[in-house]
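Colleague:
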Amino acid sequence: LLVEIKITCNYAFFNPQFLDADVFLTNPKTLTKLVSLSLPIVAPMLLSDGLYSNFWCGMTPDYYYERTEEYKEILNYGKTGEFTVPMVHSAVMVNINLLEAKNLAFETKRLPPGRYGGPQDDIIIFAMSANYSGIPMAISN
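Shown next, in the form of structure tokens:
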């Protein structure tokens with residue numbers, strides 16, 4: 001993330017080369033919409049077969065996925081808009097003008113010492129670095 005902060009721009013959009021996924025954005029207005037939201041970290045909700053998407057509404061105390069009723073409501077458009085969630089991944093926009101953005105990381109060695117004892121998983125580490133930095137993550141459906 002340090003490379004992105006040194007570049008003169010307001011947002012960094014992380015795609016599959018940074019996060020563990022293969023993603024295609026088919027709506028040409030997606031990035032414009034995400035920027036217009038002015039959120040610190042926001043992801044467009046991605047659709048696939050079944051109940052899988054690129055966000056979590058719940059996380060267990062040991063940092064793993066926890067299915068919630070709210071997840072299904074958001075995924076199935078029972079609720080629409082932007083929602084604060086503990087995890088977004090695969091296609092993520094970050095406002096790098098935030099001072100706290102310098103603390104975002106994909107590796108445990110960049111997390112505050114002694115705070116994280118979870119799995120060596122880049123998306124979980126990224127989510128926890130946002131959490132430790134007080135940066136909310138949102139999903140937009």
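Just so we're aligned, residue 1 is where the sequence shown starts under full-length UniProt numbering, counting upward by one.
Glycine is no exception: its CB is placed at the ideal position from the N, C-alpha and C atoms.
Computed from a predicted structure; not experimentally measured.
Do you know how far the Cα of T8 is from the Cα of W56?
Modeller: In the sequence shown, counting from the first residue as 1, residue 56 sits at position 56. In the sequence shown, counting from the first residue as 1, residue 8 sits at position 8. Taking the straight line joining both Cα atoms gives about 31 Å.
Colleague: Any chance you could list the alpha helix (DSSP H) runs of at least 4 consecutive residues sitting entirely within the segment 43–115, in chain order?
Modeller: 69–75
Colleague: When the Cα atoms are used, what is the spatial distance from G58 to M137?
Modeller: Start at 1 with the first residue of the sequence shown, and residue 58 comes out as number 58. Start at 1 with the first residue of the sequence shown, and residue 137 comes out as number 137. Those two C-alpha atoms are separated by around 12 Å.
Colleague: So is N95 buried or exposed if we call it buried at 16+ other beta carbons inside 10 Å?
Modeller: As a first step, residue 95 is located in the sequence shown; it is residue number 95 there, counting from the start. Burial call: buried.
Colleague: Determine the burial state of Y64: buried for a count of at least 16 other Cβ atoms within 10 Å of its Cβ, exposed for fewer.
Modeller: Here residue 64 is taken as the residue at index 64 of the sequence shown, counted from 1. So Y64 ends up on the exposed side.
Colleague: Going by DSSP, what residues sit across from M137 in a beta bridge?
Modeller: Along the sequence shown, one-based indexing puts residue 137 at 137. DSSP lists I41 and V85 as partners of M137.
Colleague: Just curious, the alpha helix (DSSP H) that F126 is in, first and last residue?
Modeller: Walking along the sequence shown from the start, residue 126 turns up at place 126. From DSSP, the alpha helix (DSSP H) with F126 extends over D122 to Y132.
Colleague: Looking only at DSSP bridge pairs, what is F14 linked to?
Modeller: For the purposes of this step, residue 14 is taken as residue 14 along the sequence shown, with counting starting at 1. In the DSSP output, where bridge partners are listed per residue, F14 has V92.
Colleague: Taking the alpha helix (DSSP H) that T26 belongs to, which residues open and close that run?
Modeller: Locating residue 26 in the sequence shown gives position 26, counting from the first residue. T26 -> no alpha helix (DSSP H), and no H or E assigned at all.
Colleague: If I measure Cβ to Cβ from A105 and keep anything under 8 Å in the same chain, skipping five residues before and after, which residues do I get?
Modeller: Position 105 of the sequence shown holds residue 105. L1, L111, I125, F126 and S129.
Colleague: In terms of alpha-carbon separation, which member of S38, E82, P61 and E69 lies closest to P119?
Modeller: Walking along the sequence shown from the start, residue 119 turns up at place 119. That would be P61, whose Cα lies nearest to the Cα of P119.
Colleague: Might you give, ordered along the chain, the residues of its own chain that have their beta carbon closer than 7 Å to the beta carbon of Q17, omitting 5 neighbours on each side?
Modeller: For the purposes of this step, residue 17 is taken as the residue at position 17 of the sequence shown. Below a pLDDT of 50, predicted positions are generally treated as unreliable, and Q17, at 49, falls in that range; no measurement from the model is reported.
Colleague: Report yes if the CB atom of V92 is closer than 8 Å to the CB atom of I41, and no otherwise.
Modeller: Residue 92 sits at position 92 when you count from the first residue of the sequence shown. Residue 41 sits at position 41 when you count from the first residue of the sequence shown. Yes; because the gap between Cβ atoms is below 8 Å, this pair is in contact.
Colleague: Evaluate the contact criterion for the segment 72–90 versus the segment 31–48: three or more CB pairs, one atom per stretch, below 8 Å.
Modeller: yes
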